[in-house]
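Residue numbers (the working numbering): 20 to 459.
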RNA sequence: GUGGGUGUGGCCUAAUGGUUAAGGCUCCAGGUUGUGGUCCCGGCGAUUGAGGGUUCGAAUCCCUUCACCCACCCCA
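Printed below as a string of structure tokens:
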């Protein structure tokens, strides 16, 4: 393979558009979010599932909706060398359902409760909070049509945001019923909107043909005026659909989870039925949706499996991080070592590597400093490392089999210099650590 | 995909057609020979995103391109 000459000589190689590096200063925050996701999943007794990042293109084309934007223009697709048509996953509900079918999870106790955390890909124009490679945490509860499962999934999502410290969050919820309720509604909606066709925005005139439901959440002001008096889907729900929705909201009431019934939430993907919802920060604009979900009772059948209901959500980790950092709930910082080792001379070096390893064997993190740098320079490095103590091993310490300890982030009146026998070093460090906890 | 904005060393900023692109932070190193943090001093590091054009002369003006930001479409 040949590269363009100017690419090599002038242009700096950089991450692909819309994809980014997460550097150590941010990865600590990312880890915290990931740990919280894992913990919330655990307390609801959901199990982790890891599916391939690449799927057969049919997994998405058949379920997400052939003419949805996600499939039409946002999916990364390619043919592999064997001629298989594959796609980088743009979302995971379809993939998890594929796995559910493939592994016969129908024979497990139902519902099967699963969670995932991973990367997804959408070829879209990047902007704030929107990336071509994005990270999502998601939940799928498959195999029960019980409305209380919808509420459970919503409450899990709500708990996640609370655990992360995101409090000013709004939950909007709606029902789009089942297929038959929806087709009645679409008929009525189409009839109403056609009366105003000429007044609708350009985008909405197009949507009228492709996906009239999307006009409902148009941001165009004229559209919104027209929509105000449009038929509401909740009025078209069958008795059964309405009962389902009512039981979901009843559960939410019992759980003390506040929500707004929001007629404009219709969700973009074809597979949704019944309950649909979105969480977003209060007062946010633009790409603000933190996560959304819904029920998808026909999806598994659509994929060729047995008729099986399901419900789930996905939430965007980047959007969570943006909110957490904006509000100062977590800050960017790296984790400092416990101890910084300063080795002077070759004898000092040999002793230091041995002692450092001994500390590490006891779970104490150690950063090694040395490499022929001056004492001053090493002490500076020790201080900048954020370590709590520096341990100095020079000729003198080698001879007396001792270790000099310098407390860097000291409490008021403690002795900042001390010397201990090398065999007592672990204990001495432990003492200093526990004292600092007491002091704090 | 559509419309608008921005692009100066790793980071932040100055220089709004004229001498070797200035400063702060970071980093590295010294302040008399084994003790950091404050302070002082020194050093590394940019042909101004890239390519082309106008001009005696371009970071400054024009074109192209790339990236980022904002809004739309859509979505997390």
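We put the beta carbon where it would ideally sit given N, CA and C, even for glycine.
The model shown is predicted, which means the values in this text are computed figures rather than measured ones.
Asked                                                                                                                                                           : Found
Since residue 463 contacts residue 160 with CB under 8 Å, what's their CB separation in whole angstroms?                                                        : Here the chain has residues from 20 to 459 only, and residue 463 is not among them.
Given residue 438, which residues of its chain have a CB within under 6 Å of its CB, disregarding the five upstream and five downstream residues?               : 421 and 423
Got a sec, what are the start and stop residues for the alpha helix (DSSP H) residue 386 sits in?                                                               : First-last for residue 386: 385-388, but that is the beta strand (DSSP E), not the alpha helix (DSSP H).
From the DSSP output, read off the bridge partner residues of residue 436.                                                                                      : 425
Can you tell me whether residue 333 is helix, strand or coil according to DSSP?                                                                                 : strand
Please state whether DSSP places residue 5 in a helix, a strand or coil.                                                                                        : Residue 5 cannot be examined here, being either before or after the span of the chain that is shown, 20 to 459.
Using a threshold of 8 Å, state whether the C-beta atoms of residue 297 and residue 191 are closer than that.                                                   : yes
Compute the beta-carbon to beta-carbon distance between residue 235 and residue 293, rounded to the nearest angstrom, for a pair I have assumed lies under 8 Å. : Residue 235 to residue 293, Cβ: 17 Å. No contact.
CA-CA distance, residue 227 and residue 120?                                                                                                                    : 35 Å
Look at the alpha carbon of residue 242 and the alpha carbon of residue 224, and state the distance between them as a whole number of angstroms.                : 10 Å
Measure the C-alpha to C-alpha separation of residue 301 and residue 389 and round it to an integer number of angstroms.                                        : 51 Å
Along the chain, where does the alpha helix (DSSP H) that runs through residue 19 open and close?                                                               : The first residue shown for the chain is 20 and the last is 459, placing residue 19 beyond what the model contains.
Nearest-angstrom Cα distance between residue 345 and residue 185?                                                                                               : 11 Å
Start and end of the beta strand (DSSP E) containing residue 193?                                                                                               : 188-194
Using 8 Å as the Cβ pair cut-off and three pairs as the minimum, do the stretch 161-170 and the stretch 266-273 touch?                                          : yes
Is residue 263 buried or exposed, if buried means 16 or more other CB atoms sit within 10 Å of its CB?                                                          : buried
Between the Cα of residue 109 and the Cα atoms of 124, 92, 118 and 123, which residue gives the shortest distance?                                              : 92
Give me the residue from 141, 417 and 136 with the minimum Cα distance to residue 156.                                                                          : 136
Determine the extent of the beta strand (DSSP E) in which residue 314 is found, giving its start and end residues.                                              : 310-314
What span of residues does the beta strand (DSSP E) with residue 33 cover, start to end?                                                                        : It is not in any beta strand (DSSP E) - residue 33 carries neither H nor E in the DSSP assignment.
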